[in-house]
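Q:
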Amino acid sequence: MSASVVNMLTRMCATIKPAYVWLSPMASSSTAEQKCAVVESTEEYKYVERLIPPTKIPTPPLHDGPAPSGWRPPSVTPDLPYMVRRSRLHNVPVYTDLTHGNRKTTLLRKIEGDIWALENDVKEYLVQLTGKIPLTQVNEVTMSIRIKGHFDKELKEWLLEKGF
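Under the numbering used here, the first residue of the sequence shown is numbered 46, with each subsequent residue one higher.
Here you go:
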């Protein structure tokens, strides 16, 4: 090794050694007790609890109209052969997807019940909206519907009007 590396290692060892001796459990207890004292305060733990994230999402408050953020609570569940559950953050599970730079699709998730009836209703709504029959893909395993095109805002409004 060169002389400069040896000097650097010597300086590092000289600075690390006192810290190691101070933190070492084998060091004499009298010197360790003199250097630090542990104070247990349950009163100040409330500041720590504020930093810990909650383990579950709280239930949203009950109100009639939309919230200032635009979020609306679900209304009475409609009597339909299918159900669209909200996501864990209480949002409508409609997502847009952009793949290969230009392929735009909309994904409708968390469907329970007759997924084919929901697909027919979505197609009817989008035909009224656009005038064309949209291309759809139904995945019965993941209980999701993929629609060609970006229709996330329209489908979210439509699902909220239906009561989901």
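All C-beta atoms in this analysis are idealised placements derived from N, C-alpha and C, irrespective of residue type, glycine included.
Just to confirm the assignment, what range does the alpha helix (DSSP H) spanning Asp-197 have?
A: In the sequence shown, residue 197 corresponds to position 152, counting from 1. Start and end: 197 to 207.
Q: Name the DSSP bridge partner or partners of Leu-153?
A: In the sequence shown, residue 153 corresponds to position 108, counting from 1. Answer is Val-139 and Ile-190.
Q: What first and last residue would you give for the beta strand (DSSP E) that runs through Asn-184?
A: By one-based count along the sequence shown, residue 184 stands at place 139. Looking at the DSSP string, the run of the beta strand (DSSP E) that includes Asn-184 is 181 to 184.
Q: Cα separation between Leu-134 and Thr-187?
A: To locate residue 134, count along the sequence shown from 1; it is residue 89. To locate residue 187, count along the sequence shown from 1; it is residue 142. Roughly 19 Å separates the two Cα atoms.
Q: Mind the definition here: the region 189 to 196 touches the region 103 to 117 only if three or more C-beta pairs lie below 8 Å; say whether that holds.
A: No, the region 189 to 196 is not in contact with the region 103 to 117.
Q: Compute the Euclidean distance between the alpha carbons of Thr-150 and Lys-201, then round it to the nearest angstrom.
A: The residue you call residue 150 lines up with position 105 of the sequence shown. The residue you call residue 201 lines up with position 156 of the sequence shown. Each residue's alpha carbon lies about 14 Å from the other.
Q: Using the C-alpha atoms, what's the distance from Ile-160 back to Arg-130?
A: On the sequence shown, position 85 is the one that residue 130 refers to. On the sequence shown, position 115 is the one that residue 160 refers to. One C-alpha to the other measures close to 13 Å.
Q: Measuring straight from C-alpha to C-alpha, what distance separates Asp-124 and Glu-94?
A: Stepping through the sequence shown from its first residue, residue 124 is reached at position 79. Stepping through the sequence shown from its first residue, residue 94 is reached at position 49. Distance between the alpha carbons of Asp-124 and Glu-94: 43 Å.
Q: So Ser-120 and Lys-155 are supposed to be a Cβ contact under 8 Å. How far apart are they, rounded?
A: Residue mapping note: residue 120 aligns to position 75 of the sequence shown, counting from 1. Residue mapping note: residue 155 aligns to position 110 of the sequence shown, counting from 1. Not a contact, Cβ separation roughly 17 Å.
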